[in-house]
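For the sequence shown, full-length UniProt numbering gives the first residue as 1, with consecutive numbering after it. No residue lacks a Cβ here, since even glycine has one placed at the ideal position from N, Cα and C. In this text the structure is predicted, and so the values were computed from the model without any measurement.
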Amino acid sequence: MSPPRADGFVHLEDYAPPAWRIPHAELAFDLEREATVVEATLRLEPDPGQPGHAVVLDGEELELLDIEADGAPLPADRWDYDGRHLRIDGFASAFTLRTRARIRPADNTRLEGLYTSGPLLLTQCEAEGFRRITFFADRPDVMPTWRIVLRADRAAFPVLLANGNPAGTRELDGGRHEATWENPHPTPCYLFAIAAGQLRRVTHTLRTAEGREVELNVWAQGDDVVRCHYALGAVERALRWDEQRFGRCYDLEVFNVVAAQDFTMGAMENKGLNIFNARYILADEESATDEDFLAIESVVAHEYLHNWSGNRVTLRDWFQLSLKEGLTVFRDTEFSADLHSRALKRIEVVRLLRARQFAEDAGALAHAVRPDRYREISNFYTLTIYEKGAEVVRVLQALVGEEAFRAGMDRYFADNDGRAATIEDFLAAHAAASGSDLSDFARWYAQAGTPELWITADYDEASGDYTLQVDQHTPPTPGQAHKEALPMPLRFVLFAPDGGVIDAAPETDAPALPGGGVALTQATHVLRWRGLRARPLPAFNQGFAAPVKLRFEYDAADLAALARFESDPFNRWDLLQRLASGALLHTLDPEQATVALGDALGALLDDDAADPAFVAECLALPDFDTLAEACDVVDVDELVARRESLLDRLAEEHVERLQRRYESLAAAAGDGLTAPAMAARALRNACLAWLTRLDPEATLAQAQFATATTMTARLGALRCLVHFEAPGAAAALAEFRTRWAADPLVTDKWIACLASRPHPDTLDDIGELLASSWWLPTNPNRVRAVVGTFSRANPLGFHRRDGAGYRFVAAQVEKLDGINPQVAARLLGAFETWRKLAEPLRHQARLALASLQGRLHSGDTRDLLQRLLD
Ligand code: PHE
Ligand code: ZN
């Protein structure tokens, strides 16, 4: 990769391959919390195609102790270290470099490089953390094989883990011991990892489809190990699924997973040694909700699946980030859909896209799935890279068909195994396997913004001819005024007035698709049916096949009718979401839409044959973010007030139905992680929230809290009590707090519950929290539970009219910037759509952001602030 230009940005078009390669690396660590010494022995080979370059290695906050080349000390005039780069001159052919450097794990609050988490020593290297461990070419296209030696005090660090396969242990003098690991797969340094400390494990041995015996281990501290069984099962399920669904086997003798209480992101796919935020590992029914279990399974799968999409085939440079992340989200989503309900998984994904990714794509931080420049790569671990990237892969699958898609994946893995690949390599494999021209498809990676489909209908009574005109349009985004049409699937069904499906295929120039529907390849297409007896009612985008905003002139009666006719469960849910949005945003007649929505929900609540989990999804109206995203100007108080009054009215209308369902599901909602039990708990919690609005005493919620046997039921009740400020709320909070005081993950739950209480006064509670011993600014989970929840899930608090919510978050960003810049930068994301706020909020948000100018020190936060204010 190339250095930044004078403009401060690294540019995609400046990419140059490494002038020096590192085919093999050996690292030896003398591990200690305060000061660890790292000895690196690197084989360096010049690229014969680019002779004459000095060796330039990255290195940050390293104290260089020794430097040798081919066994002899390197004279001082041959090298220079300026605190960021180590430059070595005078070599024209291969040589072996040995450096020794000292690093300070206990002082490392950034949690990048080698750091301490409680008594553990851990690493996090993606994207550019390895340079904080030793001197190296910290770029993903340098891929040595590795030998890693760890030495440490045996009592403090009995377990010593690194990437690859175990290659021996021995005792050393002075109560120390040593473990050696070998990773035979060419692996970039961002996938390097070690973990050391008093870890305990759950373990399971299996044989892969290729016949390799593999030991799976999930490690945690002390008693936490008893909460690792579910994650261990998830590893095995992911491993088997990748064998069956993608023909990919695991490739080492061990697969280790470690749970860490201090971790900036969700989890990390280091080769053979995944390191996880403990919240995505530790679970039992006492302490984790059903949502937690599903999230754990999907994150465990995500990291496991990276072993092929990311590790065996890695990235040429960080611009290609979505090549591993979008693809791996696509894969983990398919995994969850195959194991559980495909429709419910789709609903979950689309909720996230609409609430968060669409907003990102329309706001100040919008960027393409493959950006063409960045100042700070850490700021590109975004919903666009991950979730939209996954949608783009899904669109590709829809366009070429499932069979050709699988063949394309096989070809991609085969052609790029052991290589650092690009999005072009991915598309080339799919083009070859499917025989399609994907040059227009590549625009999905280059163009930011959510595409819109505007569909207009015309019906000619006399002839019975019906036409649909489909116009595609993507709004401008920062730096990208002009947009081109993107190829995508259009799925549709025409219904006759009686609800029967009209089977006839339309006349159109849009090519038919393997799985049904047509491919939109131009900005405009026309579909024409002849001689229909009555004006049909069309439904579109079944399963959300294309990640677009779709506009069609429905009225409330149309949507209600379609919600009855439609057999696609995703669309049935989506039609009700549209009714609700229409009622709230007044894009439909609000009264008609409310009545239609009420009728539809009543029918669903009466339908004991419907999946309760699905009914619960339908009761969950579009959230604040989704509604705000659909507005040009956001009046926060008005939007929240409308949503609350719609909920009040619907709850009153259905109070008996809600009570009946709540009670009738009591037995089914007992313990156990079966799908029916989880579905029953989901619908009971949804009913409880609606019923609690109507009952100032919150009798049901108090009873559910008192008798709960699962965290799902307990937390569902606690939320109702706290959010509706019900009697018993303070007592329940106090009880919950005391009972789980020793458990940081469960503590985060009550804190998030408090921080999301929908009231401007919540800021006072947060002030108290920050003054208490619960506030742990060095722990990313705790920061997110307090500040992240407040800024992202509490519109009435964050968007207080006096601007105090904005000032609070800005002040925290400034403080946290000195502790963990990535955590601080993520908090700034809450301001991404500040320009859409109605006054006086817009002015207040600008003031809060402007107050940070000149006060931020990290590249992460400065980059974001500048993009927000530009
Ligand atoms: N690559 C990790 C994942 O799967 C995310 C991550 C990025 C973790 C950067 C740590 C640092 O998705
Ligand atoms: Zn990932």
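Check                                                                                                         : Outcome
Glu-126 Cβ short of 6 Å to the ligand PHE heavy atom set                                                      : yes
C-beta atoms of Gly-90 and Arg-78 nearer than 7 Å                                                             : yes
Extent of the continuous alpha helix (DSSP H) run through Leu-769                                             : 762–770
DSSP bridge partner residues for Val-493 (one or two, in chain order)                                         : Ala-539
Within the segment 24–83, ranges of the beta strand (DSSP E) (whole runs, at least 3 residues)                : 36–46, 55–58, 63–69, 79–81
Contact check, Val-813 vs Leu-828, beta carbons under 7 Å                                                     : yes
Check: Tyr-381 C-beta below 6 Å from any heavy atom of the ligand PHE                                         : yes
Reduced DSSP category for Val-149 - H, G, I as helix; E, B as strand; rest coil                               : strand
CB contact flag (Val-633, His-799, <7 Å)                                                                      : no
Continuous alpha helix (DSSP H) assignments of at least 4 residues falling wholly in the segment 564–634      : 569–585, 590–606, 612–619, 624–629
Any non-hydrogen atom of the ligand PHE within 6 Å of Met-143 CB                                              : no
8 Å contact criterion, which Leu-585 and Ala-630 should meet: CB distance rounded                             : 6 Å
Distance, Asp-765 Cα to Gly-272 Cα                                                                            : 43 Å
Sequence ranges, alpha helix (DSSP H) only - wholly within the segment 373–410, length at least 4             : 389–400
Contact the segment 778–788 vs the segment 744–760: 3+ CB pairs below 8 Å                                     : yes
Residue interval of the alpha helix (DSSP H) (run including His-525)                                          : Per DSSP, His-525 belongs to no alpha helix (DSSP H); it is in the beta strand (DSSP E), 524–529.
Any non-hydrogen atom of the ligand PHE closer than 6 Å to Met-488 Cβ                                         : no
Contacting residues, own chain, Cβ-Cβ under 7 Å from Phe-831 (five flanking each side not counted)            : Ala-845, Leu-849, Leu-868
Own chain residues within Cβ distance below 8 Å of Phe-570, not counting five before or after                 : Ala-343, Arg-346, Ile-347, Val-350, Gln-542, Gly-543, Phe-544
Three-pair Cβ contact test at 8 Å for the segment 360–377 versus the segment 444–458                          : yes
Closest Cα partner of Thr-699 within the set Tyr-466, Ala-708, Met-678, Gly-728                               : Gly-728
Rounded C-alpha distance that separates Ala-824 from Thr-861                                                  : 7 Å
beta-carbon Glu-334 near the ligand ZN non-hydrogen atom, thresh 6 Å                                          : no
Euclidean distance between Cα positions of Thr-477 and Phe-380                                                : 16 Å
Span separating the alpha-carbon of Phe-140 from that of Thr-587                                              : Per the sequence presented here, residue 140 reads as Pro, with Phe not at that position. Computed Cα separation, rounded: 48 Å.
Secondary structure of Val-258, DSSP reduced to three states                                                  : strand
Val-493 versus Pro-696, Asp-608, Ala-539, residue with shortest Cα-Cα distance                                : Ala-539
The ligand PHE heavy atom lying under 6 Å from the CB of Met-268                                              : yes
Residue burial classification, Gln-472 (beta-carbon count within 10 angstroms, cutoff 16)                     : buried
Every unbroken beta strand (DSSP E) within the segment 152–206, with a cutoff of 3 residues, ordered by chain : 159–162, 165–171, 176–183, 194–197
Extent of the continuous alpha helix (DSSP H) to which Ile-455 belongs                                        : First-last for Ile-455: 452–460, but that is the beta strand (DSSP E), not the alpha helix (DSSP H).
Cβ-Cβ separation, Phe-614 to Met-409 (assumed contact under 8 Å), whole Å                                     : With a Cβ gap of about 31 Å, Met-409 and Phe-614 do not count as contacting.
Three or more C-beta pairs below 8 Å linking the segment 715–730 and the segment 677–693                      : yes
Same chain, Cβ closer than 6 Å to Leu-199, neighbours up to 5 away in sequence not counted                    : Val-159, Trp-219
Expected contact under 8 Å - CB spacing of Lys-749 and Leu-715 to nearest Å                                   : 6 Å
Gln-702 - containing alpha helix (DSSP H), residue span                                                       : 699–707
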